[in-house]
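Here the protein sequences come in this chain order: A and B.
For the first sequence, the residue numbers in the working numbering are 12 to 197.
For the second sequence, the residue numbers in the working numbering are -3 to 558.
Don't be surprised by glycine CBs; every beta carbon is placed ideally from N, CA and C.
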Amino acid sequence: MPQWLTDGEYRTLSAACARLIPADDTPGAVEAGAAEYIDGLLGAFTVDPPRIWAGGPTSGRHGGAAGFGRFLELGRLEDLAWRMRIEGSDGRPEREFNGPVTGWQERYRRGLAALGSDFPEVDGAEQDERLRSAGDFTDLLYEHCCEAMYGAPEYGGNRHGMGWDAIGYAGDVQPRGWTDTEVSSP
Amino acid sequence: MTADAVVVGSGPGGAAAAEVLVRAGWTVTIVEKGRNHLVDPAQPEHLLEHFSNDEVKFFHRHFLGPDPLTEPRTFRAGPADGDHSLVGEVNSIPSTVGGGGVHADGKVPRFREEDFSLRSAFGPVEGASVEDWPLSYDELEPYYAEAERLIGVAGDGSANPFAAWRSGPYPMPPGAPMYGATLSARAASRLGLHPYAAPTAANSIPYDGRPACNNCGFCAFFGCPIHAKGDPVAMLQRALASGRAELLAETFAARIVTRGRRATGVEVVAADGTTRVIGARAVVVAGGAVETPRLLMLSGFDHPELGRNLMVHFQTIAFGVMDHDLHAERGRAVTHVHDDAVVVDEAARQAARQAGLPWVRGGLVEHGGPALPVAEAKRYPWGPKHKSLMEASPMRKRLWAFTMQGEDLAQPTNRVDLDPSVRDARGFPVARLTYAPHRHELVASDHHRRALVEMFAEMGAVGVGVVTTPAVPGELGWEGPSSAAPSSHHVMGTTRMGTDPRTSVVDAFGRLHGLDNVVVVDSSVFVTSAGYGPTLTLVALALRAASALAGSSDALQGGAVE
């Protein structure tokens, strides 16, 4: 069940993510949870504290406590900034001090609609063509796919660290860090 | 409420000044517009646990601020661009308790003797405003030494043949060299260059109650999860532990309140959005070289040189792709540097002469590599090749870079002023940067990049490229007018220091010409940019300025607002 998108939008989103970072012998964006990551970001303010900044100082993956899962509170202006970025200015004067701002929710709603409700069903070449003509929206979607693929799993992507495993990346290494020998040797 | 001093900004300059003032018995209120993710003000021995090895939070979600939606800046290369060509993130240094010290990877070199007397040593350059500083390296040396002790700097005082004289050794030995740096330093040495372990404000051994760095690699752009970086953590902790300092985060300094030639307090917008005045006998401004002139302009302070002579470092970045993994995600981001391009040798003189310039100077060259996979992924195209590129990783695992922090000559036309239309979320006009490089920077970059490319040939790189920031039209890295905005976080020079009140904004101790109890303690006061990161020099200047302020009975004559 998506948190913010409709089921239909979620299906289109998943199909688009599968074209941007496809699976091969290792997982792609869909397997890593890119759609969950993006849906969670669009619905960040449906939970409190919002899922914007994971906590610290360690995740527990290399020792220490599992602190990333305790998301941090936003300050007053940070709350404003992230609501502007996600929800848009929505006609509210306190968000339009430099004019209207289109939020990610609206960009996704429109962008996914423009890909077409039949997007999951058409063939790959047609999907790529539609993604190319979607321009700015595809750029935004791809950035979020990259974050979902290689960012910390607490944000909803990179399931079980599969994005990091695929590229041989250790991820967050505190509190273990690296020994001097590991730093200086080939 | 009233304090002996209100310090605006909690970065390295503000923290250094606060430590000196509380040591002298002053009460200090530090106001910081950003969040506090660093230290518990009630128990300053307790450092917060908000920092983490989290690329999404720090690098892609503006965790350290400023958020470009609520606190934008604007940029233009010149008046031909209209009011501005870019609105958003422009030369932003973190807006958070600890300021730029939090995100820096802590490379803290000193300037050299000649950096303080560029005009005397080399002469003027047409179109630029090359001047001597009103103080010498010898006068500043004791404060450099104190800054290194207070922050905690690891380095080898004998390793750099071009270094200025030192009164003593570094407080700590250097940390572990990164593997890639061992290769690039050897290549540099074979070519006759002089690489050395970069002076670094990260503990190599336990120091001052904080642990040794454990090489996690999340250094540049990240707050340190174990607080092994001492800048400006240690100074803030000591100031707060005195009981005479208080720290007000999410508190924006909107205006310095004045009466005649004296400040009487600072009007602030508090975390809850309400406005009030904090009375002060002296005001110490440490907002950085963009926010400091903005505050002075918002306060109605008028000086023809205010905001002018904005300098950044003109960065020349040579990158080379190797045929094997350099694992630059391990270690302190940069562990080796060399100063050869700072020295004006015969080859540099010849390059200058050919270009019709009297001289050119480059800057410190940092040896380092990239560490962040999300940033890497965004550089590759989408589609079936994405994953094979990420696995081969020519832009991360196998990439190495030499970054020259090129000296940027001051020009009166490069400046900070208030944007005519763009506002921050609190309703105040934002800073606008008008900046274009002088031909000196372009010629110096062109000359010194050859040595950077030669080092890659010597290392056996399979591909080499060079970009600059700001980008130059027609060259690699140019992506239209917005790439004319420099991305360096080294920003200097907008309240220039000098003895003549007509041509400088502050005196040799940072005191504003015209407001006797207002002192600037950040890189705004720099007369020249040198080819070195500004942090240690601005901390040394802040220690000196605050010592003078604390020793000056005159400073305490101002009446506080009741």
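Go to B/Q407, then tell me how far its beta strand (DSSP E) extends in each direction, as first and last residue. Taking the first residue of the second sequence as 1, we reach residue 407 of chain B at position 411. Element bounds for B/Q407: n/a, residue is neither H nor E.
Strand pairing of A/L24, partner residues [DSSP]: Residue 24 of chain A sits at position 13 when you count from the first residue of the first sequence. DSSP lists no partner for A/L24.
Is B/V4 helix, strand or coil when you go by DSSP? The count along the second sequence starts at 1 and reaches residue 4 of chain B at position 8. B/V4 falls in the strand class under three-state DSSP.
Under 8 Å from the C-beta of B/G269: neighbouring residues of chain A: Within the second sequence, numbered from 1, the residue matching residue 269 of chain B stands at position 273. Neighbours of B/G269 on chain A, chain order: R87.
So B/G205 contacts chain A; which residues on that side make the cut at Cβ distance below 8 Å? Against the second sequence, residue 205 of chain B aligns to sequence position 209. Neighbours of B/G205 on chain A: none; closest Cβ ~17 Å, over 8 Å.
Any beta carbon from chain B within less than 9 Å of A/G51's own beta carbon? For the purposes of this step, residue 51 of chain A is identified with residue 40 of the first sequence, where counting begins at 1. By this cut-off, A/G51 is not an interface position.
List, in chain order, every chain B residue whose beta-carbon is nearer than 8 Å to that of A/M173. The residue given as residue 173 of chain A occupies position 162 in the first sequence. Going along chain B, no residue has its Cβ under 8 Å from A/M173, so there is no contact; the nearest lies around 12 Å.
Could you name the residues of chain B that A/S196 contacts, counting a contact when the two beta carbons are closer than 8 Å? Counting from one through the first sequence, the residue named residue 196 of chain A turns up at place 185. Y175, listed in chain order.
Kindly indicate the opening and closing residues of the beta strand (DSSP E) around B/P191. The sequence position of residue 191 of chain B within the second sequence is 195, counting from 1. Taken as a continuous stretch (DSSP letters only), the beta strand (DSSP E) holding B/P191 covers 191 to 193.
So which residues on chain D does A/I97 lean against when the C-beta distance must stay under 8 Å? Of the chains in the structure shown, none is chain D; the protein chains are A and B.
Would you please verify whether the beta carbon of A/W11 is less than 9 Å from any beta carbon of chain B? In this structure chain A extends from 12 to 197, so residue 11 of chain A is not present and cannot be described.
Whose CA, out of B/R411, B/V279, B/P130, lies closest to the CA of B/D496? By 1-based counting over the second sequence, the position of residue 496 of chain B is 500. Residue B/P130 is the option with its Cα nearest to B/D496.
Whose CA, out of A/Y161, A/P197, A/D101, A/G188, lies closest to the CA of B/A208? Walking along the second sequence from the start, residue 208 of chain B turns up at place 212. Of the listed residues, the one whose Cα sits closest to B/A208 is A/G188.
Could you check the C-alpha separation between B/T270 and B/F248 for me, to the nearest Å? Position 274 of the second sequence, counted from the first residue, corresponds to residue 270 of chain B. Position 252 of the second sequence, counted from the first residue, corresponds to residue 248 of chain B. Looking at the two C-alpha atoms, the distance is approximately 10 Å.
Note down the Cα distance separating B/A344 from B/S483, rounded to an integer number of angstroms. The residue labelled residue 344 of chain B in the question sits at position 348 within the second sequence. The residue labelled residue 483 of chain B in the question sits at position 487 within the second sequence. Each residue's Cα considered, the two are about 26 Å apart.
Given that A/E193 touches chain B, what residues does it touch there, using C-beta distances under 7 Å? By one-based count along the first sequence, residue 193 of chain A stands at place 182. Under the 7 Å cutoff, chain B gives R326.
Same chain only: Cβ atoms within 8 Å of A/Q116, ignoring 5 sequence neighbours per side: Residue mapping note: residue 116 of chain A aligns to position 105 of the first sequence, counting from 1. Within the same chain, A/Q116 has close Cβ partners W15, L53, I97, E98, G99.
What number of angstroms, rounded off, separates the C-alpha of B/V4 from the C-alpha of B/P167? In the second sequence, the residue the question calls residue 4 of chain B occupies position 8. In the second sequence, the residue the question calls residue 167 of chain B occupies position 171. For B/V4 and B/P167, the distance between alpha carbons rounds to 29 Å.
Taking only runs of the beta strand (DSSP E) that begin and end inside the stretch 37 to 120 of chain B, which ones reach a length of at least 3 residues, in chain order? 69 to 72, 82 to 84
Kindly say whether A/Q185, judged by its beta-carbon, lies nearer than 9 Å to any beta-carbon of chain B. As a first step, residue 185 of chain A must be located in the first sequence, where it is residue number 174. So, interface residue.
Using the beta-carbon count (16 or more within 10 Å), is B/M451 buried or exposed? On the second sequence, residue 451 of chain B is found 455 positions in, with the first residue counted as 1. B/M451 should be labelled buried.
CB contact flag (B/G379, B/L322, <9 Å): Here residue 379 of chain B is taken as the residue at index 383 of the second sequence, counted from 1. Here residue 322 of chain B is taken as the residue at index 326 of the second sequence, counted from 1. No, the Cβ-Cβ distance between B/G379 and B/L322 is not below 9 Å.
Among B/C220, B/D227, B/L294, nearest to B/Y254 - alpha-carbon criterion: As a position in the second sequence, residue 254 of chain B is number 258, starting the count at 1. This sequence places Thr at residue 254 of chain B; Tyr is not what is there. It is B/L294.
Would you tell me roughly how many angstroms separate the C-alpha atoms of B/S520 and B/V487, rounded to the nearest one? Locating residue 520 of chain B in the second sequence gives position 524, where the first residue counts as 1. Locating residue 487 of chain B in the second sequence gives position 491, where the first residue counts as 1. Spanning the two alpha carbons is a distance of roughly 8 Å.
Leaving aside the five residues before and after B/V339 along the sequence, list all residues of the same chain whose C-beta is less than 7 Å from its C-beta, in chain order. Mapped onto the second sequence, residue 339 of chain B falls at position 343. Taken in chain order, the residues that qualify are F158.
For chain A, is any of its Cβ atoms less than 9 Å away from the one on B/V86? Taking the first residue of the second sequence as position 1, residue 86 of chain B is located at position 90. Judged by the 9 Å Cβ criterion, B/V86 is not in contact with chain A.
Can you give me, in chain order, the residues of the stretch 143 to 171 of chain A that have a beta carbon less than 7 Å from any beta carbon in chain B? Y153, E154, C157, E158, M160, Y161, G162, A163, Y166
Beta-carbon proximity list for B/V264, same chain, < 8 Å, skipping 5 on both sides: Mapped onto the second sequence, residue 264 of chain B falls at position 268. Here the set comprises V27, L244, T247, F248, A249, A250, T271, R272, V273, I274.
Check the Cβ of A/F79 against every Cβ in chain B and list those closer than 8 Å, keeping chain order. The count along the first sequence starts at 1 and reaches residue 79 of chain A at position 68. In chain order: S48, D50.
Which chain A residues sit within Cβ distance under 7 Å of B/M386? Position 390 of the second sequence, counted from the first residue, corresponds to residue 386 of chain B. By Cβ distance, chain A contributes I178.
Please return the same chain residues whose Cβ sits closer than 8 Å to the Cβ of A/G86, not counting the five positions on each side in sequence. Your numbering for residue 86 of chain A matches position 75 in the first sequence. Cβ within range, chain order: n/a, list empty.
Measuring only between beta-carbons, confirm whether B/L395 sits less than 9 Å from chain A. For the purposes of this step, residue 395 of chain B is identified with residue 399 of the second sequence, where counting begins at 1. Not one chain A Cβ lies under 9 Å of B/L395.
Whole-angstrom distance between B/A124 and B/S113, CA atom to CA atom: Here residue 113 of chain B refers to the residue found at position 117 of the second sequence. Here residue 124 of chain B refers to the residue found at position 128 of the second sequence. Using only the alpha carbons, I get a separation of about 15 Å.
Over the uninterrupted alpha helix (DSSP H) stretch that includes B/R290, give me the two end residues. Here the question's residue 290 of chain B lines up with position 294 in the second sequence. Per DSSP, B/R290 belongs to the alpha helix (DSSP H) from 284 to 294.
B/V557 versus B/V262 - alpha carbon distance: By one-based count along the second sequence, residue 557 of chain B stands at place 561. By one-based count along the second sequence, residue 262 of chain B stands at place 266. Caution applies to B/V557, whose pLDDT of 32 falls short of 50 and renders its modelled position unreliable; the model cannot decide the point.
Can you say whether B/H363 is buried or exposed, counting buried as having 16 or more other CB atoms within 10 angstroms of its CB? Looking up residue 363 of chain B in the second sequence gives position 367. Under this definition B/H363 is a buried residue.
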